[in-house]
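When we follow the numbering used here, the leftmost residue of the sequence shown carries the number 80, and every step to the right adds one.
C-beta atoms are modelled at their ideal positions from N, C-alpha and C, and glycine is treated no differently.
Data first, discussion second: the structure below is written as structure tokens.
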Amino acid sequence: MDDASLSQLISELPEKCIALMEDIDAAFSHTVNREESHDETAPPGTSAQESSSRVSLSGLLNALDGVAAQEGRILFATTNKYDSLDPALCRPGRMDIHIEFKLASKYQAYELYQRFYLPESEAEQDSEKESAPSSADTTPLVDLDEILDSSKPSCTSTLPTITTEKAAMRGISHLERAPKLSRAKVMQLASHFSDAIPERKLSMANLQGYLMAYKVRPFDAVKDLPDWVEKELAKVPPEIKQGDS
80 MDDASLSQLI SELPEKCIAL MEDIDAAFSH TVNREESHDE TAPPGTSAQE SSSRVSLSGL
140 LNALDGVAAQ EGRILFATTN KYDSLDPALC RPGRMDIHIE FKLASKYQAY ELYQRFYLPE
200 SEAEQDSEKE SAPSSADTTP LVDLDEILDS SKPSCTSTLP TITTEKAAMR GISHLERAPK
260 LSRAKVMQLA SHFSDAIPER KLSMANLQGY LMAYKVRPFD AVKDLPDWVE KELAKVPPEI
320 KQGDS
């Protein structure tokens, strides 16, 4: 792709659309910072001559808001190297709103846990105000083994039944395999879960991947969390460990 093809591609976008440019810092053969356009210290394999892309910074700027640019479109651009972007690209009028997606906070960990295990019938009650349990709540965690031994999961579901001859499911769904927890119990578990998550040290993707392995085991997800966190923190670069301490 070169400047001309990029300009044509953007001009052919429909009116009132949303466009996304991912990793805008690495999407072009030439750097998106004019001050680094002649960087002789770049490692082999990263030079402009070795890339199939021939889009330049000026070509990108003209495509975004040049004479031929059209109104009524929203552009989202992502980058992992915000500081490497040229100020001309980041100035108001081209990129008006800048949002940094930081690592996960305790509040985000709390909300994520709820999204995984909150009963679906209660999760649909959007008008109900949710609040975190107070620190005075000392109700002990229920042991998962005791629940499974005392009673088998119910085979009834609150979801509407689809009566279609072609539709068939074999086995047991995750909804039926998971223990039936009240909103209060899920909130309590979420509080224990978030307490074990260090502030701004792990990404939301890390936490989501961890919970995916415990989709029907909410109690084990809390019990096994400290060991998992310790292993994940060992992988964190030193600058991140010290940055928010």
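* To do: Count the other C-beta atoms from every protein chain shown that fall within 10 angstroms of the C-beta of Q149, then say buried if there are 16 or more, exposed otherwise.
  => exposed
* **L92 to R133 span [Cα, whole Å]** => Their Cα atoms are separated by approximately 21 Å.
* Asked: Is the stretch 181-190 in contact with the stretch 134-143, if contact means three or more CB pairs nearer than 8 Å?
  -> These segments do not touch.
* Cβ contact (3+ pairs, closer than 8 Å) linking the stretch 174-188 and the stretch 272-283 -> yes
* Would you grab the beta carbon distance between A98 and R152 for me? Rounded to a whole angstrom, and I think it's under 8 Å. => 6 Å
* Local conformation of A148 per DSSP, three classes -> The answer is coil: DSSP assigns A148 none of H, G, I, E or B.
* **Residues bridged to A98 (per DSSP)** => L154
* To do: For the stretch 259-266 and the stretch 156-175, state whether three or more C-beta atom pairs, one from each stretch, are separated by less than 8 Å.
  => no
* Asked: Should E119 be labelled buried (16 or more other beta-carbon atoms within 10 Å of its own) or exposed?
  -> Note that E119 scores a pLDDT of 47, beneath 50, so its modelled location is shaky and nothing firm can be said.
* **Cα-Cα separation between V308 and I89, rounded to whole angstroms** => Cα to Cα, the separation comes out at about 44 Å.
* Can you give me the Cβ contacts of M291 inside the same chain, cut-off strictly under 6 Å, excluding the 5 residues immediately before and after it? => none
* **Helix, strand or coil at R133 according to DSSP, with G and I counted as helix** => strand
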